[in-house]
Every structure is written in structure tokens, then in C-alpha cells.
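Following: one structure in C-alpha cells, then a few remarks.
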Amino acid sequence: RSDICSNCHPFYTGKQKLVDTGGRVERFQRRYAKTQQAQQAAKQS
147 RSDICSNCHP FYTGKQKLVD TGGRVERFQR RYAKTQQAQQ AAKQS
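Residue numbers (our numbering): 147 to 191.
Structure below.
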């Protein structure tokens with residue numbers, strides 16, 4: 147027997163919370179930019 151049903155599950159009731167991934171993407175882009183700068187600095191040296 148399953149504890150999940152279409153009457154009470156957040157996906158079906160429309161009460162689900164959306165996960166904020168925007169912060170993760172921005173953090174990745176900042177980290178990636180730092181590695182790119184470090185690689186360019188190493189090439190110039």
C-alpha cells in the first residue's frame with residue numbers, strides 16, 4: 147500500500163514548493179569565472 151495519493155500529494159493538489167535553483171546557478175557561474183581568470187593569468191605568465 148502506498149502513502150501517496152492524488153488527493154493529498156502536493157504535486158496533484160498544486161501546493162508544491164518550487165526549489166530555488168537560481169542561487170546555485172549564480173554560484174556556479176561565479177566559481178567558473180574565477181577558474182577562467184586563473185587559467186588566463188597562468189597563460190599570460
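No residue lacks a Cβ here, since even glycine has one placed at the ideal position from N, Cα and C.
Computed from a prediction, not measured in an experiment: that's the story for all the values here.
Alpha-carbon to alpha-carbon, Y158 and T181: 42 Å
I need the straight-line Cα distance from A184 to Q175, nearest angstrom please. 14 Å
As assigned by DSSP and simplified to three states, the class of K161: coil
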